[in-house]
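Throughout the sequence shown, residue numbering follows UniProt numbering, covering 1 to 329 in sequence.
Just so it is clear, CB atoms sit at the ideal spot from N, CA and C, and this is done for glycine as well.
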Amino acid sequence: MSWNLTGTGEPSTAALCIVKGLRTPMDLVSVTQGNTRTLSFLSQSLGIVAESDLGTENIRWMGDARFTFGFLVRLLGKTVYPIEIAVKTEIEDKQDIRRHYAEHMARRTSYGSALSHADLDGPLDTSTGLGLPPLHYGTVNDPLHEDAGWTPMKSYSNMGNFYSGNMAMMAADAPFFPASLPCDGLLDLITIDGDISRMKAVDLLLSVPKGTFFDKECVRYRKVSAIRVVPKFGSMAKQSENEARQNSLGKMLDRIGAAGNGRNASRDGGYFSVDGEKMPFQPFQVEVHKGLGTVLSRNVGMYESIGPRGWEDVDVTTTTAKTVTGEVV
């Protein structure tokens with residue numbers, strides 16, 4: 001959070017930024033599982049990122065290298081994590097995402113004062129006693145509102161990485177979500193196929209600190225307002241389906257306990273991460289609440305990130321970003 005809001009990991013500099021910080025509204029995200037509702041401020045992940053993080057707790061002695069090790073091990077096995085997914089997509093095209101980012105940056109100096117209560121996520125739901133806004137799309141247990149712009153639930157059998165973020169940087173050198181904004185009412189969603197070539201996968205890993213990850217053709221990057229996911233691997237899949245998810249190398253790694261394929265990775269049979277913490281491995285739904293949180297930041301209306309490459313060249317006087325709804329995932 002410090003890197004996103006203050007641009008530094010130094011405690012003394014961060015403290016000064018907080019003292020001189022500007023009040024900034026920030027989106028928060030509701031994650032529902034069963035009858036439980038959790039608030040998230042950072043990220044939600046399923047697949048190789050969650051497995052490489054939570055599935056390597058036993059090798060914490062490796063330090064930051066444990067994530068890279070876990071990623072490479074799963075990469076060798078070309079592990080995929082089948083799911084069913086429905087998305088309420090708001091902006092699909094990467095160029096439109098750049099334009100959306102540029103438009104927000106152009107008016108960010110008056111961002112805080114320009115936001116009224118009507119711009120935010122509506123009245124609080126006092127019936128629950130939690131002081132939270134009502135869920136516009138219900139919980140994961142409710143029927144899907146396809147008429148509200150959701151895509152239908154669709155099988156994504158070769159999913160390798162599901163990663164949604166509310167901040168630009170997941171670590172000092174990991175700007176996974178360069179187009180993320182503090183208060184645009186949208187969540188940045190990344191999905192990547194798990195059966196891409198190993199060379200492409202390694203290139204993706206190396207592109208994150210370089211700031212070129214967003215531009216990669218195999219990275220599907222969307223701005224969304226809600227997501228529903230039903231895992232179909234690990235403890236939530238049949239044994240035969242689990243066996244069919246890996247190539248021969250992956251099965252060999254699995255036999256020696258190194259593949260981290262979800263089936264034997266944890267007592268829950270898989271990993272789902274919210275803000276870097278392990279959550280129950282079961283279906284979930286996320287929904288964005290615009291401006292529900294408040295933080296102190298160095299600059300209003302932006303994170304301390306360079307943004308998606310090329311956003312400075314976008315002509316914001318042209319047609320605004322097109323909203324995309326109802327398209328096939």
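For residue i and residue j, I'd like the C-alpha separation in whole angstroms.
| i | j | result |
| --- | --- | --- |
| ALA102 | VAL314 | 7 Å |
| HIS289 | ALA172 | 26 Å |
| THR56 | VAL73 | 11 Å |
| THR191 | SER45 | 10 Å |
| ILE91 | LEU22 | 29 Å |
| THR32 | MET169 | 24 Å |
| ILE59 | PHE67 | 9 Å |
| LEU187 | LEU292 | 14 Å |
| SER225 | LYS88 | 6 Å |
| VAL80 | ALA15 | 42 Å |
| CYS17 | CYS183 | 20 Å |
| TRP3 | GLU312 | 22 Å |
| GLU304 | THR24 | 13 Å |
| GLY131 | HIS145 | 25 Å |
| VAL229 | TYR271 | 13 Å |
| ASN242 | VAL219 | Note that ASN242 has pLDDT 49, beneath the 50 cutoff, so the model's placement of it is unreliable and the number below is only indicative. About 25 Å. |
Name the two residues that bound the continuous beta strand (DSSP E) containing residue i.
| i | result |
| --- | --- |
| ARG107 | Segment: none, ARG107 is in no beta strand (DSSP E) and carries neither H nor E. |
| THR294 | 284-297 |
| SER207 | Premise fails: SER207 lies in the alpha helix (DSSP H), 198-210, not in any beta strand (DSSP E). |
| LEU189 | 187-193 |
| LEU132 | Where LEU132 is concerned, there is no enclosing beta strand (DSSP E), given that its DSSP letter is neither H nor E. |
| ASP5 | Just to set this straight, residue 5 is Leu in the shown sequence, not Asp. Premise fails: LEU5 lies in the alpha helix (DSSP H), 2-5, not in any beta strand (DSSP E). |
| PRO231 | 220-231 |
| PHE272 | 272-274 |
| PRO25 | 22-33 |
| ARG37 | 36-40 |
| VAL87 | 83-91 |
| MET170 | Premise fails: MET170 is in no beta strand (DSSP E) and is neither H nor E. |
| GLU277 | 277-279 |
Can you find the residues in the same chain that come closer than 7 Å, C-beta to C-beta, to residue i, ignoring five residues on each side of it along the sequence?
| i | result |
| --- | --- |
| LEU205 | PHE71 |
| ASP215 | ARG309 |
| HIS136 | GLU287 |
| ALA106 | VAL316 |
| VAL49 | ASN161 and TYR163 |
| GLY9 | SER2, TRP3 and ALA172 |
| ILE256 | In this prediction, ILE256 scores a pLDDT of 46, lower than 50, which makes its location untrustworthy; the coordinate-derived value is nonetheless stated afterwards. Here the set comprises nothing. |
| GLY7 | ARG298 and GLU304 |
I need the boundaries of the alpha helix (DSSP H) containing residue i, first residue and last residue.
| i | result |
| --- | --- |
| ASN158 | Looking at the DSSP string, ASN158 is not in any alpha helix (DSSP H), and its letter there is neither H nor E. |
| ASP53 | 48-54 |
| THR11 | Note on identity: in this sequence residue 11 is Pro, with Thr being the wrong assignment. Start and end: 11-19. |
| ARG309 | Segment: none, ARG309 is in no alpha helix (DSSP H) and carries neither H nor E. |
| ALA148 | Here ALA148 belongs to no alpha helix (DSSP H), and DSSP marks it neither H nor E. |
| THR68 | 65-76 |
For residue i, which of the options has the nearest alpha-carbon?
| i | options | result |
| --- | --- | --- |
| LEU181 | MET26, SER197, LEU144 and MET62 | MET26 |
| THR36 | GLY47, ARG298 and PRO283 | PRO283 |
| VAL286 | ASN166, PHE67 and ALA179 | ASN166 |
| PHE176 | SER207, LYS20 and MET159 | SER207 |
| TYR221 | VAL202, ASP193, VAL230 and GLU146 | ASP193 |
| ILE227 | SER43, THR24 and PRO11 | SER43 |
| THR139 | ILE97, LYS278, THR38 and TRP311 | THR38 |
| ASP195 | ASN161, PRO280 and MET1 | ASN161 |
| GLU51 | THR294, VAL295 and PHE281 | PHE281 |
| GLY185 | TRP150, CYS218 and HIS100 | HIS100 |
| ASN141 | GLY34, GLY9, VAL219 and ASP96 | GLY34 |
| GLY47 | PRO134, ASP203, SER157 and ARG298 | SER157 |
Could you check how far apart the C-beta atoms of residue i and residue j are, in whole angstroms? I think they sit under 8 Å.
| i | j | result |
| --- | --- | --- |
| GLY269 | GLY234 | 4 Å |
| GLY77 | ALA179 | Contact doesn't hold; Cβ gap of about 31 Å is too wide. |
| MET159 | PRO209 | Not a contact, Cβ separation roughly 24 Å. |
| ALA86 | PRO152 | 6 Å |
| LEU54 | LYS232 | About 19 Å separates the two Cβ atoms, so there is no contact after all. |
Keeping to the same chain, check which residues put their C-beta closer than 8 Å to that of residue i; ignore five residues upstream and five downstream.
| i | result |
| --- | --- |
| THR212 | ARG309 |
| ARG198 | LEU75, LEU76 and LYS78 |
So, at 6 Å on beta carbons, what are the nonlocal neighbours of residue i in its own chain, with the 5 sequence-adjacent residues on each side left out?
| i | result |
| --- | --- |
| SER155 | GLU84 |
| SER40 | VAL29, VAL31, VAL274 and ASP275 |
| LEU189 | SER164, ARG222 and VAL224 |
| ALA201 | LEU75 |
| LEU296 | ILE18 and GLY21 |
| GLY63 | none |
| ASP93 | none |
| MET236 | none |
So, does the CB of residue i fall closer than 9 Å to a CB anywhere in chain D?
| i | result |
| --- | --- |
| GLY55 | Although the question refers to chain D, the structure presented lacks it and comprises just one protein chain. |
Heavy atom of the ligand MG less than 8 Å from the Cβ of residue i, yes or no?
| i | result |
| --- | --- |
| LEU39 | The ligand content of the structure shown is nil, which means the ligand MG is not present either. |
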